Amino acid sequence: MGRLFLTKLDGAFYTCKLCHTHLANIEELMSKAFHCRNGPAYLFNSVVNVTVGETEERMMTTGMHIVADIFCICCCQNVGWKYESAFDEAQKYKEGKFILERLNSFQKFSRSSRKNIYKQKLERF
C-alpha cells in the first residue's frame, strides 16, 4: 500500500465518526433536509478524503438515481454516497454532489476556528 495523503480542513468541518478524518467543510453544506435509511443526511457540494465505490441504480424517496457509495479513505467506513445522475429533471441539481450520513459523521471545529468563535462571543458582550 502506498503513502496516504489526507486533506486537512480549517474552520468548521465534518469528520468521520470512527477515525475523525476530515470529510467536508461546512461552507460546502448545501442542505440538511435529506434522510437515509439510518436517519438524517446532509447534502454537500464537495467532500475530501473519500474513495468512491461502484455505481448502481438506487430508488430513493425522490425517484431513481445512479449513485456510488463513498468511504472514508482512512478506515473504509461507509460515510454516504455520491449522486452520479438523476433520471428526474427536477433532481438533476444533485448530480456530482455528495451525501454524508449523520450517523457516520459529525461536526468539528479547528483550534483557530474555536478561538475566532470565542472572540466573537466576547465582542458581543
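If you count the sequence shown from 1, position 33 lands on 33 in UniProt numbering, and the numbers rise without skipping. Glycine included, C-beta positions come from ideal geometry on N, C-alpha and C. All figures in this text were calculated on a predicted structure; none of them were measured in a lab.
What does the Cβ neighbour count give for residue i, buried or exposed, with the cut at 16 atoms within 10 Å?
i, result
"Tyr93", "exposed"
"Thr61", "exposed"
"Phe106", "exposed"
"Phe13", "buried"
"Asn25", "buried"
"Ala90", "exposed"
"Lys121", "Since pLDDT at Lys121 reaches only 47, below the 50 mark, its modelled position is unreliable, and the value read off the structure follows with that caveat. So Lys121 counts as exposed."
"Leu6", "exposed"
"Gly2", "exposed"
"Tyr118", "Annotation note: pLDDT 47 at Tyr118 (below 50); position unreliable, no value reported."
"Glu28", "buried"
"Asp10", "exposed"
What do you reckon, are the CB atoms on residue i and residue j nearer than 7 Å?
i, j, result
"Val48", "Lys82", "no"
"Leu43", "Lys8", "no"
"Leu103", "Asn38", "yes"
"Leu23", "Thr15", "yes"
"Leu18", "Cys76", "no"
Among the candidates the options, whose CA atom is the shortest distance from the CA of residue i?
i, options, result
"Cys72", "Glu56, Cys36, Glu101, Asn38", "Glu101"
"Phe34", "Ile70, Asp88, Gly80", "Gly80"
"Gly63", "Arg37, Asp88, Asp69", "Asp88"
"Ser85", "Ile66, Leu6, Lys32", "Ile66"
"Arg58", "Cys74, Val50, Cys36, Gln77", "Cys36"
"Lys108", "Ile99, His20, Gly2, Leu4", "His20"
"Ile99", "Gly11, Glu27, Ile70", "Ile70"
"Thr55", "Glu95, Gln77, Lys32", "Glu95"
Should residue i be listed as close to the ligand ZN, given that the test is whether its C-beta is under 6 Å from any heavy atom?
i, result
"Ile73", "Absence of the ligand ZN from the depicted structure is noted, as is the absence of any ligand whatsoever, leaving it without description."
Query raised in the report: Which full runs of the beta strand (DSSP E) of 3+ residues lie inside the UniProt domain "Yippee" (12-109), going along the chain?
Result: 12-16, 22-25, 29-36, 39-44, 50-60, 63-72, 78-86, 98-101, 105-109
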